[in-house]
Amino acid sequence: MYAKCGDIDAAQRLFNLAPMKDVVMSTSVVSGLAACGRITDAKRVFDGMEEHNLVSWNAMLTGYVRSMDLTGALDLFQQMRQETKELEAVTLGSVLNVCTGLLDLRKGEELHAFAFKCGLFSYPFLMNALVRMYSKCGCLRSAEQLLLFEMRSERDRYSWNSLISGYERHSMSEAALHALREMQSEAIPSQSTFSSALAACANIFLLKHGKQIHAYIIRNGYEIDDILRSALVGMYSKCRLFDYSTRVFESGLSQDVILWNSMIFGCAYNIKGDYGLELFDEMRKQGIRPDSVTFLGALVSCSCEGHVGLGRSYFTLMTDEYSIVPRMEHYECMIELLGKHGYMVELEDFMDHMPFEPTTAMWLRIFDCCREYRNRKLGERAAQRINESNPLTPVRFVESAPDYECSDSDGVDESMPFC
Numbered sequence: 007m008y009a010k011c012g013d014i015d016a017a018q019r020l021f022n023l024a025p026m027k028d029v030v031m032s033t034s035v036v037s038g039l040a041a042c043g044r045i046t047d048a049k050r051v052f053d054g055m056e057e058h059n060l061v062s063w064n065a066m067l068t069g070y071v072r073s074m075d076l077t078g079a080l081d082l083f084q085q086m087r088q089e090t091k092e093l094e095a096v097t098l099g100s101v102l103n104v105c106t107g108l109l110d111l112r113k114g115e116e117l118h119a120f121a122f123k124c125g126l127f128s129y130p131f132l133m134n135a136l137v138r139m140y141s142k143c144g145c146l147r148s149a150e151q152l153l154l155f156e157m158r159s160e161r162d163r164y165s166w167n168s169l170i171s172g173y174e175r176h177s178m179s180e181a182a183l184h185a186l187r188e189m190q191s192e193a194i195p196s197q198s199t200f201s202s203a204l205a206a207c208a209n210i211f212l213l214k215h216g217k218q219i220h221a222y223i224i225r226n227g228y229e230i231d232d233i234l235r236s237a238l239v240g241m242y243s244k245c246r247l248f249d250y251s252t253r254v255f256e257s258g259l260s261q262d263v264i265l266w267n268s269m270i271f272g273c274a275y276n277i278k279g280d281y282g283l284e285l286f287d288e289m290r291k292q293g294i295r296p297d298s299v300t301f302l303g304a305l306v307s308c309s310c311e312g313h314v315g316l317g318r319s320y321f322t323l324m325t326d327e328y329s330i331v332p333r334m335e336h337y338e339c340m341i342e343l344l345g346k347h348g349y350m351v352e353l354e355d356f357m358d359h360m361p362f363e364p365t366t367a368m369w370l371r372i373f374d375c376c377r378e379y380r381n382r383k384l385g386e387r388a389a390q391r392i393n394e395s396n397p398l399t400p401v402r403f404v405e406s407a408p409d410y411e412c413s414d415s416d417g418v419d420e421s422m423p424f425c
């Protein structure tokens with residue numbers, strides 16, 4: 007009773023005093039502790055149980071998943087398989103969702119085969135989990151086969167959404183839009199469906215299709231929530247209709263950081279970085295906590311507008327005030343910001359204090375900046391690092407040459423987020 011009412015401490019005290027602890031009582035405490043995020047305490051009670059039933063296994067497994075301890079969830083499932091043959095589709099579906107979170111395709115395929123062997127393959131919940139896992143892991147052919155041939159009558163909006171989202175995420179935008187058309191003949195699309203479809207339109211600049219989807223949403227009375235509004239802002243921004251994206255953004259101002267991030271990146275994409283920086287300041291004034299993506303957008307905006315000092319202060323603010331650990335993209339943006347605008351001394355100092363060795367793509371960008379601003383010392387250092395990584399495509403530092411001298415650029419990763 008105490009556990010169900012949320013007073014888990016009282017429940018645990020009574021549990022400790024109980025002379026006999028049956029599986030029902032122990033499972034209740036495990037479930038309560040896990041629901042409160044006290045996974046270590048829950049596992050201690052779980053390990054102390056004389057026997058486990060399916061409910062207790064699922065309670066502990068759910069606790070790991072809720073706490074995002076995905077490795078712990080997989081370890082527990084392995085233990086479960088060793089101790090009992092009593093499994094159900096919901097259990098396997100939960101573990102498949104863990105594999106999806108970890109992008110562990112190999113383990114997901116093992117569970118797929120295990121489900122088939124156990125006769126659980128036909129359950130819709132499990133089938134949806136498999137489609138989602140294959141789609142998220144980029145194994146779209148397997149996801150297609152499951153959805154189009156294995157499920158058939160069991161297909162619903164969730165399975166379609168997983169496939170469409172997988173197509174969009176893995177740069178198969180035309181396939182995503184084709185799947186949306188197929189879906190409409192047998193399931194009602196949701197806001198999530200349209201969000202993925204709009205992102206697909208943005209990826210390949212299909213403004214006409216994006217407008218048609220927007221019109222369909224309005225015509226059929228869908229609520230434009232923050233996720234859908236963010237997708238609309240992103241689509242119009244990438245298709246260079248900045249006025250449209252601004253109107254969509256301003257029509258439903260909210261505290262959702264994803265929506266603000268979409269608009270800030272839209273500003274940078276349309277060479278309106280100053281407006282993006284105004285939005286960055288405004289969201290902080292409104293008490294909206296920026297995340298790592300927000301700061302990335304702010305740094306890109308600073309690079310576009312040449313605000314080097316401001317960009318450096320934002321990079322410091324990110325760690326000092328918001329305790330956000332910079333990702334690779336943030337370091338790439340700082341290299342672009344400093345190098346693009348000729349701050350070569352500051353660039354070298356920044357590189358020397360990075361927590362990792364610059365990537366080949368970073369050295370290539372540094373090399374180009376050194377040639378543009380005639381910094382021979384750093385340029386030769388960059389050339390040496392590039393040649394060490396790509397001995398078959400050597401470069402040589404030559405000041406003011408139109409292009410650095412190399413025979414071919416194949417095999418060199420040049421994917422950096424420049425304006």
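Numbering-wise (my numbering), the sequence shown opens with residue 7 and increments by one.
Glycine residues also receive a C-beta, built at the ideal position from the N, C-alpha and C atoms.
Bounds of the alpha helix (DSSP H) holding A185 are S179 to M189. Its Cα nearest to that of Q390, the residue F373 stands out among R377, F373 and R380. Excluding five sequence positions before and after L109, the CB atoms of its chain that fall closer than 8 Å to its own CB belong to K142 and C143, given in chain order.
Inclusion of S165 and V137 in the CB contact set at 8 Å is warranted, their separation being smaller than that value. Under the three-state reduction of DSSP output, M269 falls in the helix class. With a threshold of 16 other beta carbon atoms within 10 Å, V239 meets it and is buried. G125 counts as exposed, since fewer than 16 other C-beta atoms from the protein chains shown sit within 10 angstroms of its C-beta. The straight-line gap separating the alpha-carbon atoms of H336 and L305 is approximately 8 Å.
A straight-line Cα-Cα distance of about 35 Å links K291 and R44. Cβ-Cβ distances below 7 Å link F83 to L67 and V101 in the same chain, with the five nearest sequence neighbours on each side left out; the list follows chain order. Membership of I330 in any alpha helix (DSSP H) is not indicated, and neither H nor E is assigned to it by DSSP. For F356, same chain residues with a beta-carbon under 8 Å away, outside a window of 5 residues either side, are M340, I341 and L344 in chain order. In this structure, A65 lies away from G99, with their beta-carbon atoms at least 8 Å apart. The Cβ-Cβ distance between E338 and M289 does not fall below 8 Å. Rounded to the nearest whole angstrom, the CA to CA distance from R235 to G312 is 30 Å. When the five nearest sequence neighbours on each side are left out, the beta carbons in the same chain lying within less than 8 Å of the beta carbon of T77 are those of L108, in order along the chain. Minimum Cα-Cα distance from C310 among the listed residues E327, M334 and C273 corresponds to C273. The Cβ atoms of P296 and Y275 do not sit closer than 8 Å to each other.
Taking 8 Å as the upper bound for CB-CB distance, F200 and I224 are not in contact here, some 11 Å apart. When DSSP states are grouped into helix, strand and coil, F120 belongs to the helix group.
Closest in alpha carbon position to N209, among E229, S171 and D231, is S171. D262 and C42 have their alpha carbons spaced roughly 26 Å apart. With respect to the C-alpha of L80, the residue from N103, R377 and F301 having the closest C-alpha is N103. In the structure shown, the three-state DSSP call for M241 is helix. For G144, the three-state secondary structure derived from DSSP is coil. Under the three-state reduction of DSSP, V401 is assigned to coil, being neither helix nor strand. In the displayed model, S257 falls within coil according to three-state DSSP, outside both helix and strand.
DSSP places M157 in the helix class (H, G or I) of the three-state scheme.
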